[in-house]
Each structure stands twice: as C-alpha cells, then as structure tokens.
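Using this note's numbering, read the sequence shown as starting at 833 and increasing by one per residue. Beta carbons: idealized from backbone N, C-alpha and C, even for Gly. Treat the numbers as computed from the prediction; the structure is a model and nothing was measured.
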Amino acid sequence: MTDTTAIQLTGVTKTFGTTTVVQPLDLRIRDNEFFSILGPSGCGKTTLMRMITGFETPTAGRIELAGQSVEKLPTRKRDLNMLFQSYALFPHLSVRDNIGFELKVRGRKKFPRPDESIAEALALVRMEKFAGRKPNELSGGQRQRVALARAIVSRPSVVLLDEPLGALDQQLRKEMQTELKRMQREVGITFVYVTHDQEEALTMSDRIAVMSDGRVLQVDTPRAIYDEPANRFVAGFIGNCNLLDAVYHSTPAGASVEVAGLGPVPVNPVPDAGAGQAVSLAIRPERVSLSADGPDIRVEAGTERVGAVSARLLDAVFLGDEWRYRIRTDGGAELKATRSSGEPDDGLSTLAPGSPVWASWAVADARVLSS
Ligand SMILES: Nc1ncnc2c1ncn2[C@@H]1O[C@H](COP(=O)(O)OP(=O)(O)OP(=O)(O)O)[C@@H](O)[C@H]1O
Ligand SMILES: [Mg+2]
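Shown next, in the form of structure tokens:
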C-alpha cells in the first residue's frame, strides 16, 4: 500500500429536506487500500457512497479522486466502479457478454482487446469455465462473482462495494470474503467496502471507519479499533465488551474508577478525564480470567493485575472454539468472560451455576472511555 490519496472528502455533508444524514465529514482513503465503512442500519453509509459515485450531490463539501475535484463530473466520467447488494446482471446475456457490456459502455477505444480484458477478469474471479452460461444457470455466489468481474474489468482505480455479500449464506459469505481480499491484493485497486457486519470489517480491512448517526467516530486499523476504541459506541459495536458506568478518580497514588457493584477499580491514568467525571469502563471478555479455586494472585512481570473480584457463576456456554461465561460479582455487577476451549479450564466448565468464582484482569486491559 502506498501513501498516495485515492479519495479525499472535505466537509462533505448531506441533508435531505430538514434532516442531515451525513454530518460534515473529512476522510482520506489511500491508494490500494481496503477501506471499510462500518455502522448500523441508517447511519448514512450508502448515502456517503452515493456521493462518492456521483449518484447523489453533497449539500456541502468537496470530493476529490486522485487529487481532482469531481463535483462537476457525472458518474460515468469518474474513475471508479461500484458493486451493490442487488447487482443486476442482464438475464439474456452470457457471463462473457455481461462483463463485455461494461467495456462497451466505457468506450471501445479505451479497450482495444476486450476479449483479453474479459478473460483476465473471469480468471480473477475463477469463473473461466462459466463464460458461456446465462445468469439463471448460475448459483448466487457465482452470479456475485460475475458482478465482481464486471466491476473490475475496466480496471477502475476505485471500486465501491455496498454490502455486496448481503444476499449470500454464511458459508459462501466467508468464502467470498477471502476471495475479495485476494482479488483486491492481486489487482491493486482501492476498495471502499460498506458493511454492518463487524467481523467482516475486521477480517478484511486495512482500515475501518466506524459510523454512527451520520458521523465518523473513529478511523483506524482493525487492531487499533478493537484494542483502543475511541468511545463507548465503538467499543460496544466492534466485538464483545463489558461496558460499565463508572466515575473517574485520580490521586497522586494512581487512577481508579468507581463502578457500581465492583467498587474502586484501578486503571491507567487518562489525560482527558477529570476527577468525578462520569466515564465508561470497558473490558473485553477475553481479558477477564476466571478462577474457581480462590483469588488469582499471579503477578506477571510488568503487568499489574486486579487480582480478586469475588463473584458467582451465572452460566457457562460452550461455543466450540470458546467457552462463554457470565458472572455476577458479590456487589451485583454482571460481567462476561471468555476462554478459548483449547486452554486448560481448571474445572470451570463443570461448575454449577451459583458456584463461587474469582475474576481478574490486567490493569491495562481496563480501559476508561470518556465519551
Ligand atoms: N433520498 C432520500 N431522501 C430522504 N432521506 C433519505 C434518502 N436516502 C436516505 N435517506 C435517509 O438517510 C439516512 C441514511 O440512509 P443510508 O441509506 O445512507 O443508510 P445506511 O447506513 O446505508 O443503512 P443500511 O445499512 O440500512 O443500508 C436514513 O435515515 C435514510 O432514511
Ligand atoms: Mg445502505
């Protein structure tokens, strides 16, 4: 991936009537990046995509592709293509002709050897054998591949994909995710990928923009978004998280938060939180370890641990790759904890609900979110 800019949005806003569905937004997407836009239904993802493609005009702001302002350019003159959830293939045309049609629309002169371009696109989506078939002779996943071949056959710099796998079943979705990622690497096209599936965004993206209510809340790598969520919404939307209302305290001896049902919990100091401020405490369930036989007083080198929160087991659920536990602390707070089923379980999984357990975590894993 290079650091040149594929798409630059500056102050882009969209208002329908009196409702602003995209708040003033700045975003830079790099060349050859797999960039995902992730957010719940109605948060403005499609509207944002439609402004980039030119189907929708921004109410305010500037959109640049490869450094060129495109406000005045119609969609077909923009160096991009798109793939939507409902991809319409022509039913009367073969796979080959469906893909070739795209080249005709874009102008014969630009593609002097259309057959070669089509063959390359078919090879990329591994559909060479199906070139002569009609869409109704293909499975859903195969049709999706044809649509993808059509979106890339003209080798645009940018492809925008709006929930392209939404119609596929779970297994096919997983396969296509891997395929899409492979293709994107092979062709070196910038992908802007819209999804409301956080797992999909985490596994596929170089970077993710998390949107809520017309705003981008955080733009970062999957790892950073997961480990260092910017606020409570992001922490709760990406992955599983224990999110607890808390009040922040800081003394020369160190920082802590007061949580109902947990008491004071030591945390690393947070520069932008003030004493007495209402905050959220976020702890990932896989960072909470449980012990059935007494407080966990292991102190690992360099990591300070919260050693012994006394609790009772509510339930233990086996999910194949992991165990998922819910506990209630003696003070009444509910916490989730997970443990990989490959790890030794210290008798936890055979405990009856109501049994005493002790929870512990590293201080660094208890994150304070100030908004
Ligand atoms: N042409 C329009 N006129 C008025 N309101 C619109 C129009 N298009 C979209 N909206 C509204 O803008 C908001 C954002 O819609 P958008 O389609 O961008 O959401 P989304 O994030 O793509 O959601 P989903 O995940 O359900 O596809 C919604 O509240 C929607 O009702
Ligand atoms: Mg949408």
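Handout entry: Exposed unless 16 or more other CB atoms sit within 10 angstroms - verdict on P996
Key = So P996 ends up on the buried side.
Exercise for the section: Check whether the Cβ of D1052 lies closer than 8 Å to any heavy atom of ligand 2, and answer yes or no. Expected result: Result no, Cβ not under 8 Å from ligand 2.
Practice task
Report the partner residues of A1078 according to the DSSP bridge assignment.
Solution key: Per DSSP, the beta bridge partners of A1078 are V1091, V1111.
Practice task
Under 8 Å Cβ to Cβ from M914, same chain only, skipping five residues before and after it: list those, please.
Solution key: Residues M881, T885, A983, V991, L992, L993, D994 of the same chain have their beta carbon placed closer than 8 Å to that of M914, with the five preceding and five following residues left out of the count.
Exercise for the section: Report buried or exposed for F922, applying the criterion of at least 16 other Cβ atoms within 10 angstroms of its Cβ. Expected result: Answer is exposed; the Cβ neighbour count stays below 16.
Handout entry: Buried or exposed (CB count within 10 angstroms, at least 16 for buried), L1151
Key = Classification of L1151: exposed, given that the 10 Å Cβ count is below 16.
Problem - Other residues of its chain near R780: CB distance less than 6 Å, five sequence neighbours each side excluded - result: Lying before the first or after the last residue shown, residue 780 is absent from the chain, which here runs from 833 to 1203.
Handout entry: Inter-residue spacing [alpha-carbon to alpha-carbon] between K846 and K961
Key = Looking at the two C-alpha atoms, the distance is approximately 44 Å.
Problem - Close Cβ partners of I950 (< 7 Å) along its chain, the five nearest in sequence each way excluded - result: Correct list, in chain order: R928, I931, G932, V985.
Problem - Endpoints, the beta strand (DSSP E) within which D858 is located - result: Bounds of the beta strand (DSSP E) holding D858 are 851-862.
Practice task
Check whether the Cβ atoms of S1121 and L1075 lie closer than 9 Å to each other.
Solution key: No. Outside cutoff.
Problem - Cross-strand partners of M914 (DSSP beta bridge) - result: According to DSSP, M914 bridges with L992.
Problem - Reference A892, options C1073, T842, L1183, closest by Cα - result: Out of C1073, T842, L1183, T842 has the C-alpha closest to the C-alpha of A892.
Exercise for the section: Could you tell me whether the Cβ atoms of P988 and R975 are closer together than 9 Å? Expected result: The Cβ atoms of P988 and R975 do not sit closer than 9 Å to each other.
Handout entry: Euclidean distance between Cα positions of L1201 and V1097
Key = V1097 has its alpha-carbon roughly 14 Å from the corresponding atom of L1201.
Exercise for the section: Quick one: grab the DSSP three-state call for K909. Expected result: Under the three-state reduction of DSSP, K909 is assigned to helix.
Exercise for the section: Have a look at A920, Y919, A953, S918 and flag the residue whose alpha-carbon is nearest the alpha-carbon of L935. Expected result: Looking at A920, Y919, A953, S918, the one whose alpha-carbon comes closest to that of L935 is A953.
Problem - Contacting residues, own chain, Cβ-Cβ under 7 Å from A1133 (five flanking each side not counted) - result: Note that A1133 scores 48 on pLDDT, short of 50, meaning its location in the model is unreliable; the coordinates nonetheless yield the value given after this. Here the set comprises nothing.
Problem - CA-to-CA distance, L956 to A981, given in whole angstroms - result: The straight-line gap from Cα to Cα measures roughly 7 Å.
Practice task
Mind checking which residues open and close the beta strand (DSSP E) that includes G843?
Solution key: Looking at the DSSP string, the run of the beta strand (DSSP E) that includes G843 is 837-848.
Practice task
Using 8 Å as the cut-off, classify the Cβ of E995 as near or not near the heavy atoms of ligand 2, replying yes or no.
Solution key: In terms of side-chain proximity, the C-beta atom of E995 is found nearer than 8 Å to a non-hydrogen atom of ligand 2.
Exercise for the section: Return yes when the Cβ of R1039 is within less than 9 Å of the Cβ of T1027, no when it is not. Expected result: Against a cut-off of 9 Å, the Cβ pair of R1039 and T1027 comes out as no contact.
Practice task
Tell me whether G1086 sits in a helix, a strand or coil according to DSSP, three-state version.
Solution key: G1086: strand per DSSP, three-state reduction.
Handout entry: Assigned exposure category for R1014 - 16 Cβ within 10 Å defines buried
Key = When all chains shown are included, R1014 counts as exposed.
Problem - In DSSP terms, what V1019 is bridged to - result: Residue pairing by DSSP places V1019 opposite no residue, since no beta bridge is assigned to it.
Practice task
Quickly, what does DSSP pair F867 with across the bridge? List them, please.
Solution key: DSSP, once it has assigned bridges, lists V1024, R1039 as partnering F867.
Practice task
Would you check whether ligand 2 has a heavy atom nearer than 8 Å to the C-beta of T851?
Solution key: For ligand 2, no non-hydrogen atom lies closer than 8 Å to the CB of T851.
Problem - Among G1179, R958, S1044, R945, nearest to T879 - alpha-carbon criterion - result: Among G1179, R958, S1044, R945, the Cα nearest to that of T879 is on S1044.
Exercise for the section: Counting only the same chain and skipping the five closest in sequence on each side, list residues whose C-beta sits under 7 Å from that of R1158. Expected result: Excluding its 5 nearest sequence neighbours in each direction, R1158 has C-beta neighbours in its own chain below 7 Å: L1146, D1147, E1166, K1168, listed in chain order.
Handout entry: C-alpha gap between T1022 and D863, whole angstroms
Key = Their backbone Cα atoms lie some 6 Å apart in a straight line.
Practice task
Report back the beta-carbon spacing between R910 and L897 to the nearest angstrom; my notes put them in contact at under 8 Å.
Solution key: Confirmed, Cβ separation roughly 6 Å.
Problem - Collapsed DSSP secondary structure at L1201 in the structure displayed - result: The answer is strand: DSSP assigns L1201 an E or B state.
Practice task
Report the option in V1089, F1069, V1066, E1018 whose CA atom is closest to the CA atom of V1077.
Solution key: It should be pointed out that residue 1077 corresponds to Asp in this sequence rather than to Val. The residue with the shortest Cα to Cα distance from D1077 is V1089.
Handout entry: Assigned exposure category for C875 - 16 Cβ within 10 Å defines buried
Key = Classification for C875: buried.
Handout entry: Contact set for P906: own chain, Cβ-Cβ below 8 Å, skip 5 residues either direction
Key = The answer, listed in chain order, is G886.
Handout entry: Near ligand 2: T878 beta-carbon under 8 Å from a heavy atom
Key = Yes, the beta carbon of T878 sits closer than 8 Å to at least one heavy atom of ligand 2.
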